Every structure is written in C-alpha cells, then in structure tokens.
Amino acid sequence: MWTTLASVFALCGTPSPAPLVATPTPVSASAQDAQDLNLADPIRAAVRWMRSQQEQGNGSYGNSVKTTAIVLRAFAGCPDRYRSIDGPFVRRAAEYLVSKQTADGLISDDPKAPVEARRVETRIAVEALFALADPDSKAALGKALAALGDEEPSARDPRIPAEASPKELERVARSILAEQTQPGRWEKQADLALVMTASNVVTLSELERLLKKSAPSAAAPGATLTPLPLFTPADRTATLAALQRGADFL
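Structure (structure tokens):
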C-alpha cells in the first residue's frame, strides 16, 4: 500500500507522507496480562442466558421496567452491540419500555406510584433507549427526556476508576468474573439474577473496550512506530526511469 501511494505522490510531484514501520519494544507485564484476559466469552455466555429469560408474553425481562432496561443496556453495550434490528429479544423489550410510557412522558411499571419513584424508573429506561439509538423509540425517548428536564443519562460506570491503568481495569474485571455462580451468570439471589448479570455485563463490556483501547497495536504488538525516510527526488527520478523503460519495452 505504501509503495503504491509513494509512487502516486512522486509522479504527481508531491512529497509522500512518511510511512511507518514497527520497531519491537518490550511489552509491560500489565499490558500483557490485559491481553491475556478474555472477557468476550463470559459476556457472550451471559447474553445467551439473558436472552433465554425473556418473557414471551410481553417481551420484557423480569416483567419490570428496571430489569428490562438494564438488560437492554447490556445488549446494546456488549461487544456485539445488539440493536432492535437483531431480533425480538431486543426489539420486543424496547417496545415493552415504550408501552409503559404515560402521557406525562414518564416510563414506569405503576403509573400511580410516587413521582420520584417513577422518575427513577424513567432514568433507567432512558439510559437503555439512549444506548439502543433505535429510530422506532426516538419519539418515546424524546418525551421521557422532556419529562426528566435537565437530567442527562449517566455516562460513566461508577465501578470503573477514572483514568485507571490497564492493571486496575484488569483487577476490576477479574473481581467481577470471580463472583460468577456459573459461567456467564451472577445469581447469588435468584430474584436478582437478571439485574446482577445485566449490570455486570454492562461493566465488563466497558472494561473490555477500555482494555482493547489500551492494548498495543494488533498490527505490531509491543511496537513503537518509526517513520521511514520520505520519498526523495532521487526516488522519483528512478521510478520515472523505470516506467519509461517499461513503456519502451512495450
């Protein structure tokens, strides 16, 4: 690729950008540990289990706005980034949340519950709909945001330290994985299994994203990038001469 681009730049009389080559450098132990940590498999195992828990009658999870919303957040944030188009396990759950919206814009299980309790449910539902970015629920999301006023969806997971190093991120991930009661499931309390599993998937998915971001380049593990020399006028002359010889041969 760089050879082709350099030739094009030379023939146009334009200096080519300096290409990059990898020079191996040692990988830190913490970065290597982060690379060795597999989060995708337990996340996918949890997603499979959560999908099996969907209520076939109304499409919800746990017959609850809160539980359905946190499960949807897990689906939307996991490495496979599920959306409504991916199937009824997402689409019907999103429709369930929308169906629970009342004229005042709030989304809750019980429209007669105290307003503050309904606002809490609405905030959780908004985070799920916001993460899904589903055109079919855009109107409901707008109404819910208007009902909440100036409140914004939460953007940061409180279990993940700000500016954490790869080693700190790995420690949090391993502590969460250690609490599994079986692969891809957290259910120390049966009635909270869906909520606990979905919450942990949300956190693990964010940790997986951050660890990938902090890992060395896949193209050159443990490498720094050193620019090669620019394509010089002499190189340009040699290239043009080679092209001319080819043309003369033809």
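With the working numbering applied, the sequence shown corresponds to residues 36 to 285, in that order. Even for Gly, the Cβ is constructed at its ideal location relative to N, Cα and C. Treat the numbers as computed from the prediction; the structure is a model and nothing was measured.
With fewer than 16 other Cβ atoms from the protein chains shown falling within 10 Å of its own Cβ, residue 197 counts as exposed. Here residue 178 is buried. Its C-beta has 16 or more other C-beta atoms within 10 Å.
The beta carbon of residue 216 is closer than 7 Å to those of 222 and 223 in its chain, skipping five residues each way along the sequence. Residue 272 counts as exposed, since fewer than 16 other C-beta atoms from the protein chains shown sit within 10 angstroms of its C-beta.
Distance from the CA of residue 195 to the CA of residue 269, rounded to the nearest whole angstrom, comes to 54 Å. A direct Cα-Cα distance of roughly 27 Å separates residue 129 from residue 211.
Annotated three-state conformation of residue 220 is strand, per DSSP. Within the same chain, Cβ atoms closer than 6 Å to the Cβ of residue 141 are found at 153, 157 and 182, the five residues on either side in sequence being excluded.
Assignment of residue 131 by DSSP, reduced to helix, strand and coil, places it in the helix class. Using a 10 angstroms sphere on the CB of residue 243, the tally of other CB atoms reaches 16 or more, which defines it as buried. Per DSSP, residue 164 is one residue of the alpha helix (DSSP H) stretching across 150–167.
DSSP lists 136 as the beta-bridge partner residues of residue 142.
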